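FYI, the numbering for the sequence shown is 3 to 231, going by the working numbering. For glycine and all other residues, C-beta sits at the position ideal for the given N, C-alpha and C. Remember, predicted model here, so these are calculated numbers, not experimental data.
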Amino acid sequence: MDGPAPDGRPPAGLRGLTPAARTALAASAAFALLTLWVILAAARPLPFDTGPHAWSLAHRPPAALDVARAVTATGTGVWPYALVVLAGLYAGRAVRDRLATVAGLALCLALGQGVRRALMSLVARPRPPAADWATHAANWSFPSGHATTGALTAGLLLVALALRGSPGPARTAAAALIVLWGAAVGLSRVYLGVHWLSDVLGGWLLATAWLALAALVRRSYRREPAART
3 MDGPAPDGRP
13 PAGLRGLTPA
23 ARTALAASAA
33 FALLTLWVIL
43 AAARPLPFDT
53 GPHAWSLAHR
63 PPAALDVARA
73 VTATGTGVWP
83 YALVVLAGLY
93 AGRAVRDRLA
103 TVAGLALCLA
113 LGQGVRRALM
123 SLVARPRPPA
133 ADWATHAANW
143 SFPSGHATTG
153 ALTAGLLLVA
163 LALRGSPGPA
173 RTAAAALIVL
183 WGAAVGLSRV
193 YLGVHWLSDV
203 LGGWLLATAW
213 LALAALVRRS
223 YRREPAART
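Encoded structure:
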């Protein structure tokens, strides 16, 4: 097996891969290992789940709960799709380009949601005790739907920002806000007691893998017409 090169570069077998391919492999492998750990735990929380859950239960002033519920509401339903539609309209330059970008971003989000729902049913992990919930929740726990959706949406917003936004402080600030929002959506689920931290980590890993795979598909799609011309 190839080891790391002396200069710190990836092993020879990985050097031909694009950054998107490496990200897809790494995130998929990490997600698979975490999923296996969750399954082997047989409905019990993982060792690093109980601390954040207990802390959340002990630190719930009404104002903080209101903020967490407001944040978590933006990670489900119509909000993510509205955001990617607006992002697609922003990223495109001509009308046709805008429509194609909107369709591509929305399709990526919808297909990712389908994969997440299938995995939730397959793993069938119970949620934390219902007595600890500070908001409504349904379905299984792993991977977190809000965390997956928030991370997918944030990633697609960053793509749109990169396609159209000019480099500079404004774009950097916008990107930081997008990342913070995506993270806050996932972490709000732990704070509200409806997910374990490992559910949220699983959602983030799944979203990362899915976005990287989507980037590979897009690159392949863009190269094929060029090869025919």
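CA nearest to the CA of LEU182, picked from SER200, GLY116, GLY77
GLY77
Write down every uninterrupted run of the alpha helix (DSSP H) in the segment 169–224 whose length is 4 residues or greater and which is fully enclosed by it, in chain order.
171–193
Can you tell which of ARG129, ALA162, HIS148 has the C-alpha that lies nearest to the C-alpha of LEU101?
ALA162
Decide yes or no for the touch test of the segment 134–144 against the segment 165–176: beta carbon pairs closer than 8 Å, at least 3 of them.
no
Expressed to the nearest angstrom, what Euclidean distance is found between the alpha-carbon atoms of LEU121 and VAL40?
12 Å
Any contact between the segment 183–190 and the segment 107–121? By contact I mean 3 or more CB pairs, one from each, below 8 Å.
no
Taking the alpha-carbon positions, what's the CYS110 to PHE33 distance?
19 Å
Report yes or no: do the segment 83–101 and the segment 207–225 share at least 3 C-beta pairs separated by less than 8 Å?
no
Within 8 Å, strictly: CB atoms of THR74 and HIS148
yes
Considering only the alpha carbon of each residue, which of TRP142, PRO130, LEU179, THR174 lies closest to LEU48?
PRO130
Since SER123 is in the alpha helix (DSSP H), which residue starts that stretch and which ends it?
97–125
In angstroms with no decimal places, state the Cα-to-Cα distance between ALA228 and SER222.
Residue placement at ALA228 cannot be trusted, given a pLDDT of 47 that sits under 50; what the coordinates show is reported in the next sentence. Cα to Cα, ALA228 sits roughly 10 Å from SER222.
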